[in-house]
Amino acid sequence: MYNNFYGNLRDLVVGVNARVPLSNGQLVTGINFDNAATTPPFVSVMQAVTNFAPWYSSIHRGTGYKSQYASDLYENSREAVRAFVGAGPENTVIYVKNTSEAINKLSFRFSNRCKHPVVLSTFMEHHSNDLPWRDKYYVDYIDIDGQGRLILEDAEKKLRKHRGRVKLVTVTGASNVTGFKNPIYEIARLAHKYDAKILVDAAQLIAHAAIDMRPSGSPEHIDYLVFSAHKMYAPFGTGVLIGPTADFEKGEPDYKGGGTIRIVTHDHVKWAAPPQKDEAGTPNVMGVVALQEAIKTINTIGIEYIEKYEAGLLEHTMLRLNPIPDIEIIGREDCCHRVGIIPFNIADMPHQITASALAAEAGISVRNGCFCAQPYVQKLLSVPRREIRRRMRNPSLPHPGLVRLSFGLYNTRDEIDALAAQLNHISRNKEAYLKKYQYVMESE
Ligand SMILES: Cc1ncc(COP(=O)(O)O)c(C=O)c1O
Numbered sequence: 100m101y102n103n104f105y106g107n108l109r110d111l112v113v114g115v116n117a118r119v120p121l122s123n124g125q126l127v128t129g130i131n132f133d134n135a136a137t138t139p140p141f142v143s144v145m146q147a148v149t150n151f152a153p154w155y156s157s158i159h160r161g162t163g164y165k166s167q168y169a170s171d172l173y174e175n176s177r178e179a180v181r182a183f184v185g186a187g188p189e190n191t192v193i194y195v196k197n198t199s200e201a202i203n204k205l206s207f208r209f210s211n212r213c214k215h216p217v218v219l220s221t222f223m224e225h226h227s228n229d230l231p232w233r234d235k236y237y238v239d240y241i242d243i244d245g246q247g248r249l250i251l252e253d254a255e256k257k258l259r260k261h262r263g264r265v266k267l268v269t270v271t272g273a274s275n276v277t278g279f280k281n282p283i284y285e286i287a288r289l290a291h292k293y294d295a296k297i298l299v300d301a302a303q304l305i306a307h308a309a310i311d312m313r314p315s316g317s318p319e320h321i322d323y324l325v326f327s328a329h330k331m332y333a334p335f336g337t338g339v340l341i342g343p344t345a346d347f348e349k350g351e352p353d354y355k356g357g358g359t360i361r362i363v364t365h366d367h368v369k370w371a372a373p374p375q376k377d378e379a380g381t382p383n384v385m386g387v388v389a390l391q392e393a394i395k396t397i398n399t400i401g402i403e404y405i406e407k408y409e410a411g412l413l414e415h416t417m418l419r420l421n422p423i424p425d426i427e428i429i430g431r432e433d434c435c436h437r438v439g440i441i442p443f444n445i446a447d448m449p450h451q452i453t454a455s456a457l458a459a460e461a462g463i464s465v466r467n468g469c470f471c472a473q474p475y476v477q478k479l480l481s482v483p484r485r486e487i488r489r490r491m492r493n494p495s496l497p498h499p500g501l502v503r504l505s506f507g508l509y510n511t512r513d514e515i516d517a518l519a520a521q522l523n524h525i526s527r528n529k530e531a532y533l534k535k536y537q538y539v540m541e542s543e
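Every position in the sequence shown, counted from 1, becomes a number in the numbering used here once 99 is added.
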């Protein structure tokens with residue numbers, strides 16, 4: 100099942116041994132548990148970018164050798180992306196900046212002939228897979244259970260409720276808050292049964308679990324897929340939108356300009372074919388070199404190997420965190436259906452203070468707050484509506500939120516043990532930490 104990777108995963112990633120300062124001035128090796136936000140680069144990615152640099156050139160219409168070489172590399176990379184996610188030849192691979200831009204683009208380009216079209220989203224989406232739909236469609240949300248997992252029966256209930264007007268079901272492959280993975284193929288089956296298409300936001304899946312868009316004839320086919328290279332160890336500003344070429348042949352691009360046209364006169368425009376039509380301006384060739392190399396490295400390690408390794412980290416973390424007094428782990432009962440993300444709080448300790456203390460006392464980087472998924476976090480924490488309204492009136496009030504751990508393939512059990520030790524100390528010495536880090540709350 101696995102490719103033959105026998106090396107040390109840490110050797111593949113830049114900066115894992117970087118020393119960071121603590122509040123007492125001491126330098127320690129930093130621990131990064133903030134990989135859901137962005138991952139550090141692969142060594143191979145940095146090498147590929149450096150190796151390509153002498154051949155860097157503006158692509159597509161240059162006659163020089165470098166331009167032709169770079170153009171070929173850029174265009175051929177689409178095949179590598181396609182293969183990585185099992186996208187069939189009927190699809191186009193459009194390069195954008197990141198997942199947010201990919202979803203915004205699709206929200207402009209997604210066309211339908213329905214009079215009052217509905218987009219069915221979920222309660223667990225990142226703002227990037229919620230806000231772009233709101234001003235163009237009626238958006239309804241599939242509900243979640245007490246742990247924060249999607250309720251599949253509610254998806255079908257809502258598809259029925261809207262009587263054929265749901266044109267798109269848009270769902271995250273894995274939540275960036277809880278890590279819960281959604282049954283995307285079952286959801287695809289449901290969406291297609293009701294004549295809707297499906298978009299999977301793969302931002303949190305792409306570097307952690309295998310994705311297969313499946314053939315277009317299959318009921319489990321994923322119609323549209325989006326993800327960001329910076330979450331897969333290639334932080335050079337490339338994102339990907341994949342969808343049927345035919346869909347992008349129709350209509351006008353959202354961004355217009357260089358590279359998007361075939362012929363222009365002052366009163367006529369003939370657009371280029373996809374994907375060029377949707378890639379206005381000078382393409383990010385370096386970003387694509389980085390993405391392609393990241394795919395190569397992930398394939399060499401084996402995505403199943405990564406998935407299994409990170410599942411082990413998750414299990415180890417649950418074992419270490421569960422005994423900590425007053426720790427409240429969201430979705431603690433379900434360790435099986437998630438990527439390596441764990442949100443938690445320590446009772447009576449503001450998330451801001453826990454997160455700051457981890458960094459300042461132990462050099463451990465996490466993220467805290469709502470992770471650009473406020474409706475989800477509000478529901479997970481059962482924040483009363485009146486509290487939300489109070490913060491709408493006064494946005495400077497501290498927000499309810501969580502502390503989030505998120506793993507990369509280079510994290511280790513020793514790092515998790517160090518985290519558990521520090522959390523234990525925080526939990527057993529709340530008064531002292533509250534006093535020492537009060538300034539964090541005051542500066543919010
Ligand atoms: C699930 C999910 N969707 C979308 C995004 C947006 O990604 P980007 O910031 O790369 O546009 C994120 C970022 O964290 C995410 O986790």
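Glycine included, C-beta positions come from ideal geometry on N, C-alpha and C.
Scanning Glu285, Ala459 and Glu414 for the CA closest to the CA of aspartate 433 turns up Glu414. For proline 474, there is no enclosing beta strand (DSSP E); the enclosing alpha helix (DSSP H) has its first and last residue at 473 to 479. Looking at the backbone, the Cα of serine 526 and that of glutamine 451 are separated by about 14 Å. For the segment 208 to 242, the full-length beta strand (DSSP E) segments reaching 3 residues or more read 217 to 221 and 237 to 241 along the chain.
Leaving aside the five residues that flank serine 206 on each side, the residues in its chain whose CB is nearer than 7 Å to its CB run, in chain order, Pro231, Trp232 and Lys235. The beta carbons of valine 339 and valine 438 sit no closer together than 8 Å.
Relative to ligand 1, glutamine 303 has its C-beta within less than 7 Å of a heavy atom. Distances from the CB of aspartate 300 to the heavy atoms of ligand 1 include at least one below 7 Å. DSSP, reduced to helix, strand and coil, places alanine 273 within a strand of the structure shown.
By the criterion of at least three beta-carbon pairs nearer than 8 Å, the segment 130 to 141 is not in contact with the segment 153 to 169. Taking C-beta separations shorter than 6 Å and ignoring five residues to either side along the sequence, the partners of methionine 417 in its chain run Cys434, following chain order. For cysteine 469, the shortest separation between its Cβ and any heavy atom of ligand 1 does not lie below 7 Å. The nearest non-hydrogen atom of ligand 1 is less than 7 Å from the C-beta of serine 227. Cα atoms of valine 465 and arginine 512: separation of roughly 16 Å, rounded to the nearest angstrom.
Within the DSSP secondary-structure output, aspartate 300 pairs in a beta bridge with Thr271 and Val325.
For glutamate 189, the closest C-alpha among the options Phe104, Asp229, Lys214 and Ile341 is that of Ile341.
Separation of the CB atoms of isoleucine 515 and leucine 412 is rounded to 7 Å, and the pair is thereby assigned contact status at 8 Å.
Distance from aspartate 322 to leucine 298 at the Cβ level is roughly 7 Å; contact confirmed, criterion being Cβ atoms closer than 8 Å.
Within the same chain, Arg288 and His291 come within 6 Å of proline 318 by CB-CB distance, once the 5 residues on both sides are set aside. 8 Å or more divides the Cβ of alanine 459 from the Cβ of serine 166. DSSP links proline 314 through a beta bridge to no other residue.
Annotation for asparagine 493: no beta strand (DSSP E) segment contains it, and DSSP assigns it neither H nor E.
When Cβ pairs closer than 8 Å are counted between the two stretches, the segment 114 to 128 is seen not to touch the segment 469 to 485, the count staying below three. Leaving aside the five residues that flank aspartate 294 on each side, the residues in its chain whose CB is nearer than 7 Å to its CB run, in chain order, Gly263. Around the C-beta of isoleucine 362, fewer than 16 other C-beta atoms lie within 10 Å, and the residue is accordingly described as exposed. For threonine 149, the uninterrupted alpha helix (DSSP H) segment begins and ends at 142 to 151. For phenylalanine 222, the CB contacts under 7 Å within the same chain, skipping 5 residues up- and downstream, are Tyr240, Ile241, Asp242, Ile243, Pro474, Tyr475 and Lys478 in chain order. Beta-carbon to beta-carbon, valine 387 and tyrosine 173 are separated by about 5 Å, close enough to satisfy the 8 Å threshold.
In terms of Cα proximity to alanine 345, the closest of Gly187, Met448, Arg109 and Ser220 is Gly187. Cysteine 471 is not a Cβ neighbour of glycine 500, given a cutoff of 8 Å. Residues of the same chain with a CB within less than 6 Å of the CB of valine 539, apart from the 5 flanking positions on each side, are Gln451, Ile452 and Ser455 in chain order.
Between the beta-carbon of serine 327 and that of threonine 198 there is about 5 Å, and that keeps the pair under the 8 Å contact cut.
Contact check for isoleucine 310 against valine 502 fails: the beta carbons are separated by 8 Å or more.
Within the chosen limit of 7 Å, ligand 1 reaches the beta carbon of threonine 198 through at least one heavy atom. Annotated three-state conformation of asparagine 197 is coil, per DSSP.
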